[in-house]
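Student: Numbering-wise (this note's numbering), the sequence shown opens with residue 10 and increments by one.
In this text, a Cβ means the ideal position worked out from N, Cα and C, and glycines have one as well.
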Amino acid sequence: MNKNFLWGVATSAFQLEGSPHADWSSWDSILSQNPEVTNHYTLYKEDLSLLKELGVNAYRFSLEWSRIQPKENIWDTSVVDHYQEIIEILKSYHVEPMLTLHHFTHPLWFITKYPWHEDSAVEKFLEYVERIVSSIKGVSYWITFNEPYVLLLGGYLEGCMPPGIKDPGLALKALKNMLVCHAKAYDIIHKADPAAMVSVSHNMAALAPWSRWNPLDRALAKMAKYFYNHSLTDAFLTGYLKIKFPFRKESLIEVPIKGKLDFFGVNYYTRVHVRFNPFRKMAVELRHLDIDGYGLTDLGWEIHPYGLEKVLRYASHLGVPLIITENGIATRNAQKKIDFMRRHIDAVERSIKKGIDVRGYFYWSLIDNYEWLQGLDARFGLYKVDFKTLKRKPTTAAAYYSYLIRSRAEF
Ligand code: FCB
């Protein structure tokens with residue numbers, strides 16, 4: 010791996026800090042007992058020093074928009090200063106910041122008054138982007154949206170995430186508006202810094218038929234793979250989103266994102282097996298099987314490192330450098346965390362040897378945090394957090410990651 014390879018860890022603001030003004034705060038009752046989650050908003054210096062201890066050269070984190078703009082007409086500049094201070098600390102540690110503008114959460118006023126399926130969302134989001142780009146200094150790597158398809162599935166198809174809608178038609182309108190925002194944010198960032206590196210972080214999964222002998226499972230897996238992994242990458246190449254849901258006619262939506270990508274952020278966690286089941290919503294049933302024998306994670310996800318090679322190979326068609334902006338495991342077993350990391354980083358190395366241009370790897374996550382639908386039980390951290398005392402403690406996976414970074418790259 011070359012010496013500019015980004016070895017990092019990834020976090021998101023809400024998962025570490027919570028926020029009294031975010032849509033998720035009233036969405037999940039767990040947050041009423043732990044409103045500040047890990048209290049990173051106060052303990053940030055201590056947490057950032059862990060990056061130094063680890064020896065990473067990059068850190069992906071996000072801004073909590075609802076803290077910055079708690080009300081439609083109120084901008085809290087002290088919060089922007091706080092995030093700027095984080096960037097300064099990272100610089101002093103020679104750690105490259107990668108900044109995510111949108112990582113699932115919204116100010117409550119935004120999602121209530123201007124949900125993504127309304128065109129008015131675009132202007133409101135871009136006001137936020139303009140503010141940030143004109144005030145934040147020292148960031149070269151930007152992620153506009155984290156996992157737009159996860160927000161779409163959770164917020165607009167399953168209804169398990171805010172805004173809690175279950176409507177495929179509105180889902181497509183929301184997706185279109187988010188992608189319009191990506192394109193415009195891309196231009197805003199480039200106007201301020203022509204050399205900036207801008208992407209989205211796209212959650213890609215390995216998808217396979219539940220039964221490979223069943224043609225319906227095979228057809229559904231193919232459709233799911235195209236929708237979940239490839240419709241977005243293709244839209245970056247063609248300017249058109251081609252979406253086909255089971256039993257609905259295909260939609261072809263023009264989106265202004267063709268070429269609006271300087272690298273591509275891939276988030277990869279697992280493989281999912283897909284079954285055709287007419288009694289389920291959209292006739293889709295999903296499950297995880299332990300086929301490789303590496304076991305399942307505490308969330309029941311299959312550990313499948315080869316899938317990372319597959320999604321990287323596919324994403325390489327985009328013709329831009331790839332960065333793994335998230336990869337990690339929820340487990341209380343440090344040895345399992347180490348094995349997961351080693352196997353996935355081996356997969357990255359194999360991809361690079363096969364000529365795929367991968368420029369970075371970010372482990373999710375630095376410390377245990379709030380894992381959306383799974384609350385505080387999913388232990389992704391290299392550092393363990395005791396949610397009663399808020400003490401951080403290294404797991405042996407932290408020492409292993411440091412060792413791995415030192416042994417695989419000189420930077
Ligand atoms: C990803 C999310 C991230 C985190 C991990 C485990 O899908 O981007 O916030 O929850 O999963």
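(1) Note down, in chain order, each residue of its chain lying with its Cβ closer than 7 Å to the Cβ of Pro427, except the 5 sequence neighbours on either side.
(2) Given 8 Å as the limit, is there contact between the region 287-300 and the region 321-338, that is, 3 or more CB pairs closer than that?
(3) Check for me: the beta strand (DSSP E) holding Gly369 runs from which residue to which?
(4) Should Cys169 go down as buried or exposed, given a rule of 16 or more other Cβ atoms within 10 Å for buried?
(5) Taking Arg368 as the reference, which of Ser325, Ile347, Tyr392 has the closest Cα?
(6) Counting pairs of beta carbons, one from the region 247-266 and one from the region 307-318, are three or more of them closer than 8 Å?
(7) CB-CB under 8 Å to Lys146, same chain, minus the five flanking residues each way: which ones, in chain order?
(8) Tell me, to the nearest whole angstrom, how far the beta carbon of His353 is from that of Val275; I am working on the premise that it is less than 8 Å.
(9) So, at 6 Å on beta carbons, what are the nonlocal neighbours of Val126 in its own chain, with the 5 sequence-adjacent residues on each side left out?
(10) If you check the beta carbons only, do Arg280 and Ala215 fall under 8 Å apart?
(11) Let me confirm a value: Thr398 is counted as buried when at least 16 other C-beta atoms fall within 10 Å, else exposed. Which label applies?
(12) Going by Cα to Cα distance, which pick from His30, Ser35, Thr47, Asn66 is closest to Asn13?
(13) Using 8 Å as the Cβ pair cut-off and three pairs as the minimum, do the region 405-416 and the region 380-397 touch?
(14) Is Ser87 a contact residue of the ligand FCB, with contact defined as CB to any heavy atom under 7 Å?
(15) Distance, Cα to Cα, Phe371 vs Phe70?
(16) To the nearest whole angstrom, what separates the beta carbons of Asp56 and Ile414, a pair I think is in contact under 8 Å?
(17) Looking at Leu110 and Ile77, is the spacing between their C-beta atoms short of 8 Å?
(18) Which runs of the beta strand (DSSP E), 3 residues or longer, sit entirely within the region 192-261?
(19) What residue range does the alpha helix (DSSP H) around Lys393 cover?
(20) For Arg289, is the classification buried or exposed, using 16 other Cβ atoms within 10 angstroms of its Cβ as the cut-off for buried?
(21) Tell me, which residues are paired with Phe23 by DSSP?
(22) How would you write the range of the alpha helix (DSSP H) that Met350 sits in, first residue to last?
(23) Taking Cβ positions, are Thr47 and Leu25 nearer each other than 8 Å?
(24) Given the structure, does Gly8 come close to the ligand FCB, in the sense that its CB is under 7 Å from one of the ligand's heavy atoms?
(25) Any heavy atom of the ligand FCB inside 7 Å of the beta-carbon of Trp33?
(26) Would you check whether the ligand FCB has a heavy atom nearer than 7 Å to the C-beta of Glu26?
Tutor: To lay it out plainly:
(1) With the chain covering only 10 through 420, there is no way to say anything about residue 427.
(2) no
(3) 367-373
(4) exposed
(5) Ser325
(6) no
(7) Gln93, Ile96
(8) That belief does not hold up - the Cβ atoms of His353 and Val275 are roughly 12 Å apart, past 8 Å.
(9) Here residue 126 is His; the residue named in the question, Val, does not match the sequence. Within the same chain, His126 has close Cβ partners Leu179, Lys182, Ala183.
(10) yes
(11) exposed
(12) Asn66
(13) yes
(14) no
(15) 11 Å
(16) Not a contact, Cβ separation roughly 18 Å.
(17) no
(18) 206-218, 249-252
(19) That residue, Lys393, is in no alpha helix (DSSP H); its beta strand (DSSP E) goes 392-394.
(20) exposed
(21) Answer by DSSP bridge pairing: none, since Phe23 is not bridged.
(22) 343-362
(23) yes
(24) In the structure as shown, the chain starts at 10 and stops at 420, and residue 8 therefore has no counterpart that could be examined.
(25) no
(26) no
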